[in-house]
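Participant: Please see the structure below; I have some questions.
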Amino acid sequence: MKGISGFYRTKYCGDVTKHDCGKEVTLMGWVQRRRDLGGLTFIDLRDRTGICQVVFNPEIHPQAHASTHKIKAEYCIAVEGEIRLRPKDMRNPGMRTGSVELLAQRVSILNEAMTLPFVISETADVSDALRLKYRYLDLRRPSLKENIILRHRAARSVRQYLDKQGFIDIETPILTKSTPEGARDYLVPSRVSPGQFYALPQSPQLFKQLLMIAGFDRYYQIVKCFRDEDLRADRQPEFTQIDIEASFLSQAQIMDISEGLIATMFKDTIGVELPRPFFKMTYNDAIRDYGVDNPDTRFSMKLHDISDLVAESDLEVFSSVVGRGGLVKAINVKGPDNLKRKDLDSLASFISNYGAKGVIWARATEKGWQGSIAKFLTHNQISKIEERLGMEVGDIALFVADKKDVVNASLGALRVHIANKLSLVPKDTYSPVWISEFPLLEWSEEEQRLVSTHHPFTAPVEEDISLLVSAPSKIRAQAYDLVINGQEVGGGSIRIHNKSLQQQVFKVIGIGEEEAKFKFGFLLEALEYGAPPHGGIAFGFDRLVMLIAKAASLRDVIAFPKTQKAFCTLTQAPSPVDETQLAELGIKVIKKGED
RNA sequence: GGGGGCGUAGUUAAGCCAGGUUAUAACGCCGGCCUGUCACGCCGGAGGUCGCGAGUUCAAAUCUCGUCGCUCCCGCCA
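Quick note on the working numbering: the first sequence kicks off at 370 and runs consecutively.
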């Protein structure tokens, strides 16, 4: 077989060890750095595995040495030579291959490189826009490259585990039907049927249920999903799910298999043993203690409801809120030495994001409470609040009084904000927790109707089914989320496998018989052909990788991510298309301001 | 849809609050010297639509308005 320019790669740069000393090897890679000492020249050669130092000595191999004068950073080269131990004092303990080097005999420049728009370095702080435009260069950076390789290992672990558990990998369509519930769809126009549209799947939800009815029993897929909603650091318009569905299993059994999956993945990729079984918490308890349904349980600082203690107090801001049916809740910040008066004042603007009007603070001192509210509360009230919050001298209590949802959202966010600010969040710990017993339905102010919290195929808790008519908003769902370190990483439910129950649920959320038939007729019909009891779960694969990679953004674990405007800086997508393409599809573009 | 942050040589930043001569530094780049470097060192040099557009002013990187891009958050995301 012919090699590249007469060179045959025999080893990766990062794999060179002292056991290779004396061996002839050929490395191929990129020039990380050239150090020209006039006579001796060193080149750090990098490939996907790591870096190996190559030394060029003009007295031993003059021709190879001469060619280094043309070689610059990020040139792609091949080097043949002998691995040898470095002289004793010249070893670099900070480098994996630092005890050896390649003495170059023969070199070939496989390709030159222009001067790069930025240096390939972990320390160089380059703007995201530039990084994304030259993503293929940024991916040469070891840490980003490692994230992508870690992602591969995570996917491999998932596949191995699910295969062992008897799950079958089945592909589902990408061109599918728009669903009315949930996120905005990405639409794909049909040329064959002008004026008609496919939608890209928000998840393979309906197909995996049909696979259960088909009898596949245990299905999984690592699959792309699409949602046309605004982006966040932990949200991309296209993202990857580990999608799972199984028949004849209870909620507890599905949760158990899921725990095994996640624990195995953490073990296989980063060697972390997650304690099993995972903690479990109901939705109501999560909201009560943490204000949110994705609590970060790595630290405490729980929310405490003190409405009953201040309802009758002289403090108008508290008593009036309780009088109107609102809540007063508080967190206790333990001995916050580095929380200054200025920091406390800045909390108000943080909390205003969540609709709260303000946050009130009080510091416990030897002589009683410090802070504006102290004079409005009796000794008895103060000591009761201190008792409930577990306050000691030096602690600061933060209070928010408002409508229930506002209090929970704002104080819940404040809890995390403060913990980060005061470094109360333990590093290198993973704290998984299941959240269950979500409400099946919730009131949508925007649509003025009840909507599904999860999705409309979620089964109610059995003893709550009778509430469908009398008090639908009180029904608990057989739905569950997995939260790790405050990140929702997965969620699922037991599905309705009975047509009449499904129809009742549609009715309650205002989907009429005609509409249901038009949109989900195939599923309703399928449920009548011996559909087995089934349920499943979907994990946000990108978010899981983000957690194990300790990445700050999803962009750091996706090879080619989009910007916050859902724009692909590399390909410049989305972009306009030819008039002829539009004509074929029967589409006319209305420019902004023309309509 | 709303709120915050950022935008100055190839890159990262300083200068902006308080307008005023040639916009400063580091890294990178180019040239020279250097045989044990590993962020090599030393000497010299080039490099700028201060995101874009308008306005205020004798004078704008600096002040005002608009706009574009990146980013964080709220809404939204079953």
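Just so you know, even glycine gets a beta-carbon here, dropped at the ideal spot from N, CA and C.
1) Checking the sheet assignment: what are the DSSP bridge partners for R601?
2) Residue range of the beta strand (DSSP E) that V394 falls in?
3) Would you list the one or two residues that DSSP bridges to V476?
4) Return yes when the Cβ of R587 is within less than 8 Å of the Cβ of A615, no when it is not.
5) Grouping DSSP H, G and I as helix and E and B as strand, with all else coil, what is A552?
6) For the candidate residues E628, G640, M624 and E550, whose alpha-carbon lies nearest to that of R596?
7) Give the single residue among L783, C382, G463 and H748 whose Cα lies nearest to the Cα of S715.
8) Return helix, strand or coil for H866, following the three-state DSSP convention.
9) Jot down the residue ranges of each uninterrupted beta strand (DSSP E) in the region 524 to 584, minimum 3 residues, whole runs only, in chain order.
10) Helix, strand or coil for F768 per DSSP?
11) Between the region 402 to 411 and the region 387 to 394, can you find at least three pairs of beta-carbon atoms closer than 8 Å?
12) Apart from the five residues just before and just after I729, which ones in its own chain have a Cβ nearer than 8 Å to its Cβ?
13) Using the three-state DSSP reduction, which class does I804 fall into: helix, strand or coil?
14) Considering just the uninterrupted stretch of the alpha helix (DSSP H) at G641, what are its terminal residues?
15) For W399, does the count of other Cβ atoms within 10 angstroms reach 16, so buried, or fall short, so exposed?
16) Between E897, K649 and G881, which lies nearest to N663 when the distance is taken from Cα to Cα?
17) Extract the residue ranges of the alpha helix (DSSP H) inside the region 654 to 683, only unbroken runs of 4 or more that lie entirely within it.
18) Which two residues bound the contiguous alpha helix (DSSP H) that contains L499?
19) Per DSSP, which one or two residues make a beta bridge with S985?
20) Would the beta-carbon of I412 fall within 8 Å of that of T437?
21) Sort out for me which residues DSSP pairs D416 with in a bridge.
22) Over the uninterrupted alpha helix (DSSP H) stretch that includes K753, give me the two end residues.
23) Measure the alpha-carbon distance for E897 versus K868 and round it to whole angstroms.
24) Which residue wins for smallest C-alpha separation from H673, given the options M760, D625 and D507?
25) Nearest to L870 by CA position, among V858, F826, F889 and I853, is which residue?
26) Which residue comes first and which comes last in the alpha helix (DSSP H) that contains R784?
27) Near A900, which residues of its chain fall below 6 Å by C-beta distance, leaving aside the five closest residues on each side in sequence?
28) Among P829, Y377 and N777, which one has its Cα closest to the Cα of I844?
29) Can you say whether W738 is buried or exposed, counting buried as having 16 or more other CB atoms within 10 angstroms of its CB?
30) Tell me the DSSP secondary structure of E897 in three-state form.
31) Run the CB neighbour count on I373, radius 10 Å, all protein chains shown included, and call it buried at 16 or more, exposed below.
32) To the nearest angstrom, how far is it from the Cα of E815 to the Cα of T932?
33) What is the DSSP secondary structure of L508, counted as helix, strand or coil?
34) Using three-state DSSP, classify P431 as helix, strand or coil.
35) Confirm, please, whether the CB-CB distance from G375 to Y530 is below 8 Å.
36) Given this structure, state the Cα-to-Cα distance separating R560 from E607, to the nearest angstrom.
Facilitator: So, from the data block:
1) According to DSSP, which records beta bridges pairwise, R601 is partnered with R604.
2) Secondary structure note for V394: its beta strand (DSSP E) is the uninterrupted segment E393 to D405.
3) Under DSSP, the beta-bridge partners assigned to V476 are V448.
4) Contact: yes.
5) Three-state DSSP puts A552 in coil, outside helix and strand.
6) Taking only the C-alpha atoms, the option nearest R596 is E550.
7) Closest option to S715, Cα to Cα, is L783.
8) For H866, the three-state secondary structure derived from DSSP is coil.
9) Qualifying beta strand (DSSP E) stretches, in chain order: 556 to 558 and 566 to 568.
10) In the structure shown, F768 sits in a strand (DSSP, three-state: E or B).
11) No: fewer than three Cβ pairs fall under 8 Å.
12) Only residues of its own chain outside the window of five on either side were considered, and among them V686, G740, S741, I742, L767, F768, V769 and A770 have a CB closer than 8 Å to the CB of I729, listed in chain order.
13) Strand.
14) Note on residue identity: the sequence assigns Val, not Gly, to residue 641. Looking at the DSSP string, V641 is not in any alpha helix (DSSP H), and its letter there is neither H nor E.
15) W399 is buried by the Cβ-count criterion.
16) N663 has its Cα closest to that of K649, out of E897, K649 and G881.
17) If one requires a minimum length of 4 residues, the alpha helix (DSSP H) runs lying completely within the region 654 to 683 are 676 to 679, in chain order.
18) Element bounds for L499: D497 to K502.
19) Shown here, the chain extends from 370 to 964; a query on residue 985 therefore has no answer.
20) Yes, these two residues count as a Cβ contact at 8 Å.
21) Looking at the DSSP output, D416 bridges to G419.
22) Counting along the chain, the alpha helix (DSSP H) containing K753 begins and ends at H748 to L758.
23) Looking at the two C-alpha atoms, the distance is approximately 6 Å.
24) The shortest Cα separation from H673 among M760, D625 and D507 belongs to M760.
25) Considering only alpha carbons, the answer is F826.
26) Going by DSSP, R784 is part of the alpha helix (DSSP H) stretching over K773 to K790.
27) Closer than 6 Å at the Cβ level, and outside the excluded window around A900, lie I582 and H866.
28) When only C-alpha atoms are compared, the closest one is P829.
29) Flag for W738 reads buried.
30) In the three-state reduction of the DSSP assignment, E897 falls in the coil class.
31) With fewer than 16 other Cβ atoms within 10 Å, it is exposed.
32) The alpha-carbon atoms of E815 and T932 are separated by roughly 28 Å.
33) L508: coil per DSSP, three-state reduction.
34) Helix, per DSSP.
35) Cβ atoms of Y530 and G375: not closer than 8 Å.
36) If you draw a straight line from the Cα of R560 to the Cα of E607, it is about 24 Å long.
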